[in-house]
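Only one structure is covered here, and it is reproduced in the block below.
There are 2 protein chains.
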Amino acid sequence: MRTLKYAILGLINRGSMTGYDLMKVFNMELVNFWYAKHSQIYPELKKLSDEGLITYETVLQGEKLEKKLYSLTEAGKEAFLNWLAKQDLLEPTPKDIFRLKSYFIESMTKEEILSQFNYQLDQRKEKLKKLEATMIEHPYAKGIIDIVTPEYGDYIVLKGAIMREITYIDWLTECINEIKNY
Amino acid sequence: MRTLKYAILGLINRGSMTGYDLMKVFNMELVNFWYAKHSQIYPELKKLSDEGLITYETVLQGEKLEKKLYSLTEAGKEAFLNWLAKQDLLEPTPKDIFRLKSYFIESMTKEEILSQFNYQLDQRKEKLKKLEATMIEHPYAKGIIDIVTPEYGDYIVLKGAIMREITYIDWLTECINEIKNY
DNA sequence: CGACGCATGTAAGTTGTTACATGATTAG
DNA sequence: CTAATCATGTAACAACTTACATGCGTCG
Chain A
572 MRTLKYAILG LINRGSMTGY DLMKVFNMEL VNFWYAKHSQ IYPELKKLSD
622 EGLITYETVL QGEKLEKKLY SLTEAGKEAF LNWLAKQDLL EPTPKDIFRL
672 KSYFIESMTK EEILSQFNYQ LDQRKEKLKK LEATMIEHPY AKGIIDIVTP
722 EYGDYIVLKG AIMREITYID WLTECINEIK NY
Chain B
572 MRTLKYAILG LINRGSMTGY DLMKVFNMEL VNFWYAKHSQ IYPELKKLSD
622 EGLITYETVL QGEKLEKKLY SLTEAGKEAF LNWLAKQDLL EPTPKDIFRL
672 KSYFIESMTK EEILSQFNYQ LDQRKEKLKK LEATMIEHPY AKGIIDIVTP
722 EYGDYIVLKG AIMREITYID WLTECINEIK NY
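Heads up: the sequence lines are chains A and B, in that order.
Residue numbers for the first sequence follow my numbering, beginning at 572 and rising by one.
Residue numbers for the second sequence follow my numbering, beginning at 572 and rising by one.
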């Protein structure tokens with residue numbers, strides 16, 4: 572489905588970027604729903620360039636270091652908007668190793684189970700704390716709602732990530748309590 | 572990380588199965604946290620066999636149709652239990668195309684946004700209904716809790732899947748209301 | 001006897017990860 | 001000056017999907 576393609580087009584649509592910029596955005600801002608390594612990004616940029624969806628101008632960083640600043644062509648913008656407007660069927664449920672292990676819970680001792688669940692819980696709580704810290708910094712956290720700025724997209728996906736994390740924590744906690752009382 | 576390998580070992584550990592059985596279990600019972608096509612399962616079974624983790628006996632179904640009934644070797648059982656007991660760091664957050672599109676919400680019109688979110692909501696509600704119907708059928712739904720049977724694993728992952736779906740629906744609903752009132 | 005499900009496999013292609021490879025710039 | 005970060009790429013491999021390919025069993 573070439574999702575990476577459209578993720579890149581969408582980001583460049585927000586403003587011209589280099590491959591390195593894209594890498595940082597993927598692995599810092601979008602990491603809660605999409606990401607990619609630079610080794611996947613650079614070849615994809617080459618491909619999009621060949622397809623005529625993006626162009627670049629070479630910019631000098633300092634004396635020698637060349638970087639490629641990409642922007643969308645008209646065709647690129649159109650391709651992105653078509654993808655965005657297309658209604659998709661539900662994706663297959665994401666894979667989850669911890670849930671898989673939980674499915675096999677009968678093969679663990681009570682101690683092992685509690686140790687596994689508590690470790691998972693600690694990590695999830697840590698992650699939630701970081702997400703909530705990001706939310707506090709967010710301009711929209713104060714109740715300003717203007718849905719036609721990029722910040723609104725940032726905001727709703729962040730809210731979704733927090734809700735998802737809380738639910739995972741609730742599930743772990745319920746399981747732990749049930750197992751403890753057994 | 573060879574997760575499919577351990578998923579298969581875990582399922583065969585519950586009882587001898589054929590490749591076809593595994594396919595059905597993956598795509599019906601485990602589908603909420605792991606799955607695989609038969610084209611991935613058969614080569615993996617071959618590999619596990621070569622590694623000495625599983626063996627099979629050929630069984631006749633009818634007059635001519637041969638099927639391979641797989642079971643774990645001692646080494647296979649050990650490999651599975653070691654994997655199960657190993658504590659893992661949090662996986663990267665699963666990718667999600669709908670959240671990605673939501674991130675780019677500023678490039679959609681209000682009508683497009685509402686249409687997208689409502690379509691997603693309908694599908695998610697449909698899915699939740701199916702999960703809840705499965706839960707009603709489940710022996711553990713009545714409150715019997717015995718954590719040392721395979722059914723307990725089934726039960727907690729199903730509960731987790733329902734909680735996850737409800738949260739997704741809540742998120743969509745909140746977004747829709749916010750956008751409607753804008 | 002026809003349709004659907006059982007049963008097993010391979011081939012080609014896409015997506016994503018890990019490792020290899022190189023060099024410039026900037027902040028302390 | 002040196003470590004971290006900026007910057008761009010390729011190669012090999014692993015995981016996964018789609019399509020190709022075949023044939024038996026069972027139910028109506």
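Every residue gets a Cβ at the ideal spot worked out from N, C-alpha and C, and that includes glycine.
- By the Cβ criterion, the stretch 584-603 of chain B is in contact with the stretch 626-646 of chain B, since at least three pairs of Cβ atoms, one from each stretch, lie closer than 8 Å.
- In this structure, the beta-carbon distance from residue 724 (chain A) to residue 739 (chain B) does not fall below 9 Å.
- Taking every protein chain shown into account, the CB of residue 667 (chain A) has 16 or more other CB atoms within 10 angstroms, so this residue is buried.
- Within its own chain, the residues whose Cβ lies closer than 7 Å to the Cβ of residue 743 (chain B), once the five positions on either side in sequence are excluded, are 688, 691, 692, 695, listed in chain order.
- Ranking A:714, A:642, A:610, A:614 by CA distance to the CA of residue 624 (chain A) puts A:642 first.
- Taking CB atoms only, residue 641 (chain A) has no neighbour in chain B less than 9 Å away.
- Secondary structure note for residue 643 (chain B): its beta strand (DSSP E) is the uninterrupted segment 636-643.
- Out of A:600, A:718, A:662, the CA that lies nearest to the CA of residue 747 (chain B) is found in A:718.
- Taking CB atoms only, residue 587 (chain A) has no neighbour in chain B less than 9 Å away.
- Residue pairing by DSSP places residue 627 (chain A) opposite A:641 in a beta bridge.
- For residue 588 (chain A), the three-state secondary structure derived from DSSP is strand.
- Contact residues of the stretch 607-629 of chain A toward chain B are absent (C-beta to C-beta distance below 9 Å).
- In the structure shown, residue 691 (chain B) adopts helical secondary structure according to DSSP, grouped into three states.
- Three or more beta-carbon pairs drawn from the stretch 594-606 of chain B and the stretch 664-681 of chain A are found closer than 8 Å, and the two stretches are therefore classed as touching.
- Using a Cβ-Cβ cut-off of 9 Å, residue 712 (chain B) is close to nothing in chain A; its nearest Cβ partner there is about 14 Å away.
- At a cut-off of 9 Å, the C-beta of residue 677 (chain B) has a neighbouring C-beta in chain A.
- With respect to residue 699 (chain A), residue 737 (chain A) sits close: the two C-beta atoms are nearer than 9 Å.
- Interface flag for residue 573 (chain A) against chain B is unset, since no Cβ pair is found closer than 9 Å.
- Put simply, of B:751, B:721, B:714, B:745 the residue whose alpha carbon is nearest the alpha carbon of residue 583 (chain B) is B:721.
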